[in-house]
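If you're matching them up, the sequences are chains P and U in order. Be aware that the first sequence starts at 0, since it is given in numbering that gives the first Met the number 0, and climbs by one per residue. Be aware that the second sequence starts at 0, since it is given in numbering that gives the first Met the number 0, and climbs by one per residue. Even glycine gets a Cβ: it sits at the ideal position worked out from N, Cα and C. Because the structure is a prediction, the values reported are computed rather than measured. In what follows, a structure is listed as structure tokens, so that the remarks can point back to it.
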Amino acid sequence: MRDLPSGLSRKRGGGPVKKIRLSIDGRDITVPERTTVLEAAAALDIAIPTLCHRDGIEPFTSCMVCVVLETRTGKLIPACTAPTAEGMRIETDTPAVRKARRDSLDFLLSEHVGECEAPCTRACPTGMNIPRMIREIRSGRFDLAVKTVKRHIALPAVLGRICPAPCEKACRRREHDQPVSICLLKRLSADQDLQAESPFRPEGDPPGGKTVAVVGAGPAGLAAAYFLSLLGHLCTIFDKNSRAGGTLRTAVPKDILPESVLDADIGGIIGHGVTFMPGRELGRNLDLEGLCKSVDAVLLTPGTVSPSLFDGSDLEMSLKGIKITRPGYTTSRPGVFAAGGVVAESKMAVRAVGQGREAALSIHRFLEGHNPDDNQDVFHSLFGRLQPEEIKEYLQEAEADGRVEPAGEREGGFTREEAVREAGRCFGCDCRKLTDCRLRRFAAEYGTDQKRYRAGERRPIEKIQQHADVVYEPGKCIKCGLCVRITKNSAETLGLTFVGRGFDVRVEAPFGEPLDRALVKAAAECVEACPTAALSWKDRKEKTP
Amino acid sequence: MANPEQTVDPKDIDRIIQSVGREAGRIIPLLHAIQKKYNYLPEDALRLLCDRTDIRPADVTGIASFYTGFRLTPAGEHIIQVCTGTACHVKGAERVYDALCRELRIGSGKDTDPEGRFTLQNVACLGCCTIAPVVQIDTVTYGHVTTDGVGRMLEDFLRRGTDKKALTDGRRAKNGTGEIRLGLGSCCIAGGSGLVWEELERNLERAGIQTTVKRVGCVGMCHRTPLLEIDLPDRDPILYEKVRPEDVPSIVGRHFRPKSILSRIKNTAVRTLENLLEDPSINGFSRHPLHARDPQVGAFLGRQIHIATEHYGQIDPIDLDEYRRRDGFKALEDCLKGKTPDEVIDRIKASGLRGRGGAGFPTGEKWRITRASGDPETSVICNGDEGDPGAFMDRMILESYPFRVIEGMAVAAYAVGAGRGYFYIRAEYPLAVRRVRAALNKCREAGFLGTRIFGSAFSLDLDIMEGAGAFVCGEETALIASMEGKRGNPVFRPPYPAQKGLWGHATLVNNCETLATVPWILRHGVESYTRLGTEKSKGTKVFSLAGKVARGGLIEVPMGITIREIVEDIGGGIEGGGSFKAVQIGGPSGGCVPADRAGTRVDYEDLTRVGAMMGSGGLLVLDDSDCMVDIARYFLTFTCRQSCGKCTFCRIGTRRMLSILDAVCEGRGRADDLNKLEEIAAATKRGSLCGLGKTAPNPVLTTLAYFRDEYEAHLNGVCPAKKCKALITYGINERCIGCTICAQNCPSGAIQATPYKKHQIDGEACIKCGTCLQVCPENAVEVR
């Protein structure tokens with residue numbers, strides 16, 4: 000049995016405090032009277048998800064994500080508000096509890112008009128944080144932009160020239176005029192970096208003593224080797240040719256991708272914990288069995304090859320190539336992974352680069368002793384197409400002008416000045432609370448389905464910019480009322496209030512006053528407490544890695 | 000626009016603050032007072048209110064926008080409220096609303112006519128369900144409104160203006176022979192009894208007749224309003240139904256002899272003239288006299304037992320002497336003089352009385368828990384926030400028996416140890432508020448309230464708090480929030496109000512009907528009460544019987560009676576020859592019980608077992624012309640509008656169910672919609688914070704359980720009851736005689752009519768308002 004730490008036993012009123020005994024998840028605890036179930040669970044280090052709750056603020060019992068089961072009555076009760084009672088038996092993680100939490104999250108998400116990652120990022124096979132790169136370019140910080148690029152892209156100068164830019168097809172700006180020239184912006188960042196005395200290389204993890212063999216030095220293999228080395232693994236790339244690059248070197252016209260650029264990008268990979276072994280070809284002078292014995296993991300990225308090459312190996316094949324799992328890139332043979340053209344033919348180098356990165360992350364999980372297929376699901380909130388009248392909400396934060404064309408021809412790329420101007424056109428679609436949104440976190444944790452309760456209609460997108468430091472996006476508000484309670488407690492003259500009721504209830508300043516008059520003292524606390532990006536800092540305060 | 004913002008004089012606001020109070024908790028009464036002054040809440044007035052009190056702007060906006068009774072935009076000179084209660088809904092309120100929009104040329108998205116004379120609003124339920132559909136213009140209520148009659152209704156209103164008698168309590172009668180009783184409940188007033196009263200006074204005056212004219216509360220037979228009863232010595236009382244002002248001279252002449260020769264002659268002359276104009280045997284009152292021996296009246300009253308409605312139709316609601324003569328305040332006196340609070344509680348517990356607000360919590364137990372708190376600041380609240388559309392029991396009880404409820408409250412206060420009490424009454428019930436207020440004043444004067452009541456140590460004062468248009472405030476924790484001047488958001492229980500309620504103190508919240516039953520139990524003894532009812536549901540229950548039933552009204556029946564007995568014996572079966580399909584019992588929290596389960600008893604547990612709920616007592620009878628999907632959609636529209644929006648499940652779940660029901664009714668339903676509906680209903684029931692959300696899915700679940708075939712028919716594009724607009728078309732059949740009446744009345748010009756030839760309806764232009772169907776003398780209009 001455990002007692003509540005003295006710090007938590009708040010005295011309310013005089014007189015001796017009555018003690019209450021209860022059990023949570025089979026563990027007994029004694030707490031002072033008027034302790035909530037949530038507080039008692041916290042004392043046992045049992046985490047219960049909450050959205051509308053904040054320590055030190057009176058509960059509102061709105062989100063219902065914190066429900067737990069009181070087994071004596073069989074009822075689901077909100078832990079944030081329910082007082083503990085003598086003999087209570089609480090379960091915090093039963094299937095019924097998880098289902099109820101998921102239901103409430105599904106309901107909240109069904110009306111959540113927001114997208115987590117921007118459409119460009121979702122479209123990019125490497126998952127690069129494109130809006131962030133653009134913001135860095137916008138503020139003239141090409142040095143930061145390249146860091147953002149290299150966090151996801153192994154061959155940025157190369158891709159800056161040959162990428163078909165799926166990101167630009169997804170760009171929301173395209174629904175207004177033309178997409179932002181993302182690819183050229185990335186190219187300029189990469190080119191600027193290559194011209195630097197020592198091109199940027201992200202800081203890697205300390206060496207872990209594990210070895211990986213990569214077969215094939217094409218875009219997938221190079222990308223995988225880059226990330227494996229950054230993750231602290233010793234990497235050897237085998238290739239049948241004398242120089243690395245694969246199809247990038249053989250299949251792309253030199254006027255589009257000059258060899259110097261390719262060599263420069265490859266130079267940022269080979270040599271940095273990556274050894275290149277030229278002239279080694281699988282089935283000729285390279286033996287898979289032997290490799291498997293000599294290293295901890297093997298990644299097959301030989302490109303599009305004849306399936307007969309793998310006859311006799313115990314690798315299961317599909318019609319398109321080696322059969323692999325998703326998202327783990329594991330073949331039927333433990334420790335052997337495959338990515339790129341050998342799995343399925345693709346003309347898009349960026350896809351191979353993206354797969355190489357994902358395969359590297361999967362191999363890393365494998366080497367760390369985890370299930371490579373056990374990729375933590377990331378949740379993405381989506382809202383579909385923009386309505387024409389919603390464009391203006393985005394234009395508040397973007398230049399109105401059309402696409403900037405490079406003064407030289409397009410092949411020559413942007414000047415810095417042009418790039419800064421073009422970057423100003425970005426709508427900044429990605430969420431301002433990408434990493435600290437609690438709704439997103441629990442959505443992933445509880446395996447929610449945003450479409451489950453979605454109806455045809457959706458609220459219009461609004462980005463209220465009346466406050467100097469705070470952006471208010473009502474479509475992301477879950478009506479938890481934390482900001483309403485905080486502004487009241489901090490004695491804001493106006494503060495915020497619920498307006499209307501029922502499904503259409505909104506949080507607003509009284510009398511339709513602007514937000515800057517409502518949040519005078521409590522802006523910081525409100526932004527911090529807001530469980531979603533309904534209230535967020537205008538300046539994104541992106542952390543430098 | 001003809002209604003500009005009004006200029007606000009700060010002095011007026013000061014005066015309002017002075018008379019109402021300046022504390023934050025007084026905000027709702029303050030807003031009521033401001034709205035009364037300006038017909039809406041001008042922003043300037045609200046800002047002044049914040050400047051001059053401690054009330055925060057955030058609270059003003061939050062509260063003014065929470066309660067639908069408050070208006071934030073200027074309104075026209077007169078406010079028209081179209082009742083959207085259940086009974087009105089099934090009788091075509093929506094079409095009446097549309098007809099008013101057309102008549103007043105109110106464009107979409109607007110609510111006021113271009114001249115600024117009328118503002119059109121929907122109102123949750125006016126509680127005049129037996130004369131549905133009902134429209135209220137300012138304080139004048141019109142019943143049985145038809146789409147083609149809205150023009151005449153507006154003309155009548157503009158001609159006659161506000162029916163002042165409807166809200167003034169009228170003069171007290173002089174002594175004389177006999178007694179004339181006139182029903183002056185809201186239904187009767189809506190039926191025109193205010194005008195009858197005026198006419199009656201005029202006639203008696205003119206003829207110099209000395210008799211008592213008494214306003215009485217609800218007679219229960221609301222389907223026959225206005226009701227006028229003449230009770231003369233040595234004769235059986237005669238009850239006249241559906242009395243019109245023009246009937247009054249004849250009625251008076253028939254029963255009373257004018258005093259002077261002159262007035263006798265004048266009176267005769269008037270009568271003769273009238274007889275010339277209108278033969279009373281055909282059109283006059285003579286078709287109306289009713290008698291208790293009349294088999295219909297006998298059947299209506301035969302199965303009833305009047306406890307909460309004791310002395311129905313006989314006593315003047317605010318005549319304290321009369322209440323005293325009929326053993327009023329005896330129960331309280333006995334308690335104060337001879338029983339300890341615990342003895343009183345034991346008796347109520349032994350009687351098995353359960354809360355009549357809907358959930359059926361044992362009343363005595365609630366009293367015991369409240370008393371056990373030992374809180375010196377304990378208070379009692381009478382919950383008169385009857386919000387269920389289609390229910391008007393509380394209104395009727397408060398209007399007709401205010402003393403009985405006061406006595407019940409006083410007994411409860413004595414039992415639980417409370418020194419203060421409050422009536423929380425819906426703002427939509429102005430007459431109830433007035434009557435209770437008058438009754439409270441009389442009780443204070445007579446010493447039944449105040450200090451040392453009946454010479455005991457017990458003191459009690461009672462006040463009234465008016466609601467402002469929020470169904471959810473019927474939930475006890477939301478009601479308390481509202482009383483404290485907050486948005487009516489329910490809070491999690493425990494702690495229960497009995498432990499920690501109003502201003503943090505123990506609070507007993509009981510429904511009107513529950514309290515009205517208490518004095519009877521104490522006077523007649525526990526056993527008289529427990530003899531009535533079933534094993535777990537004792538005594539009687541008051542229902543408002545409305546819908547497609549021949550005899551609607553307010554009834555009080557013993558628990559255990561079957562639904563079929565209510566519909567067929569008391570209600571006289573289905574009106575107009577339709578067939579009995581189902582009853583909707585318990586309003587938005589309840590469910591539909593199909594005709595083949597009409598053997599279900601009125602009993603808390605039995606009703607819950609079939610998926611319905613006792614609820615507060617709305618009992619709406621449905622026939623084969625009622626679409627069950629439409630009924631489910633109707634209730635979800637209601638709960639969705641009334642959800643406070645605090646907890647996720649109710650806020651979003653009700654809306655998602657409604658979206659699906661909308662789609663099904665509009666022929667856009669998809670195959671998996673019904674499963675999805677069930678899934679959302681189950682989640683909402685399980686996860687919602689308060690009773691509103693937990694019971695909101697019941698109308699959906701019961702109709703899905705008993706009438707799934709109707710839902711499936713809709714998915715196939717067919718509304719079997721021919722109710723859902725999107726799935727029906729109007730046409731004219733061979734019976735058409737070519738009279739062109741339909742074409743003259745068609746608001747959209749969709750009927751091509753050549754006289755004496757069969758008319759045609761243009762499906763494209765038809766707005767499916769149903770007017771042609773109503774006006775066709777030959778039944779030639781068909782719905783397909």
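Within-8 angstroms CB hit, residue i to chain P
i: GLU4/U; result: no
i: PRO244/U; result: no
i: PRO56/U; result: yes
i: PRO493/U; result: yes
i: ALA682/U; result: yes
i: LEU688/U; result: yes
i: GLY373/U; result: no
i: ARG783/U; result: no
i: THR60/U; result: yes
i: ARG640/U; result: yes
i: ARG685/U; result: yes
i: SER578/U; result: no
i: PHE65/U; result: yes
Partners in chain P for residue i, counting only beta-carbon separations shorter than 8 angstroms
i: PHE648/U; result: MET63, ASP102, SER103, PHE106
i: ARG46/U; result: PHE510
i: ARG486/U; result: PHE497, ARG500
i: SER658/U; result: ALA454, GLY455, GLU456
is_contact[residue i, chain U] using C-beta, thresh 8 angstroms
i: LEU514/P; result: no
i: PHE502/P; result: yes
i: TYR452/P; result: yes
i: ALA122/P; result: no
i: GLU77/P; result: Correcting the residue identity first, residue 77/P is Pro in this sequence and not Glu. With 8 angstroms as the cut-off, PRO77/P counts as an interface residue toward chain U.
i: GLY266/P; result: no
i: ALA99/P; result: yes
Residue environment, residue i, which counts as buried when at least 16 other CB atoms sit within 10 Å
i: ARG100/P; result: buried
i: TYR755/U; result: exposed
i: ASP264/P; result: buried
i: GLU4/U; result: exposed
i: ARG170/U; result: With a pLDDT of 48 at ARG170/U, under the threshold of 50, the modelled position of that residue is not reliable, and no figure is offered here.
i: ASP8/U; result: exposed
i: CYS768/U; result: buried
i: GLU512/U; result: buried
i: PRO77/P; result: buried
Contacts that residue i makes with chain P (C-beta to C-beta distance below 9 angstroms)
i: LYS645/U; result: PHE59, THR60, SER61, LYS478, GLY480, PHE497, ARG500, VAL504
Contacts of residue i in chain U (Cβ-Cβ under 9 angstroms)
i: SER109/P; result: ILE651, ARG655
i: LEU493/P; result: ARG55, PRO56, ALA57
Closer than 8 angstroms to chain B by CB, residue i
i: GLU42/U; result: Looking at the structure shown, chain B is missing, and the protein chains on hand are P and U.
Contacts of residue i in chain U (Cβ-Cβ under 7 angstroms)
i: THR80/P; result: PHE491
### Message
Can you confirm whether the segment 385–394 of chain U touches the segment 602–617 of chain U when touching is taken to mean that 3 or more C-beta pairs between the two stretches lie within less than 8 angstroms?
### Response
Touching, yes, given that three or more Cβ pairs across the two stretches are closer than 8 angstroms.
### Query
On the three-pair Cβ rule with 8 angstroms, is the segment 704–721 of chain U touching the segment 744–762 of chain U?
Touching, no, given that fewer than three Cβ pairs across the two stretches are closer than 8 angstroms.
### Task
Answer yes if the segment 442–453 of chain U comes into contact with the segment 484–502 of chain U, meaning at least three C-beta pairs across the two stretches below 8 angstroms, and no otherwise.
Too few Cβ pairs lie closer than 8 angstroms, so no.
### Query
Would you call the segment 86–99 of chain U and the segment 139–147 of chain U touching, i.e. three or more CB-CB distances under 8 angstroms?
By the Cβ rule, the segment 86–99 of chain U counts as touching the segment 139–147 of chain U, because three or more pairs are nearer than 8 angstroms.
### Task
Could you tell me which uninterrupted alpha helix (DSSP H) segments, each at least 4 residues in length, are contained entirely in the segment 418–502 of chain P, listed from first to last along the chain?
At a cut-off of 4 residues, the continuous stretches assigned as alpha helix (DSSP H) that sit fully inside the segment 418–502 of chain P are 437–444, 481–488.
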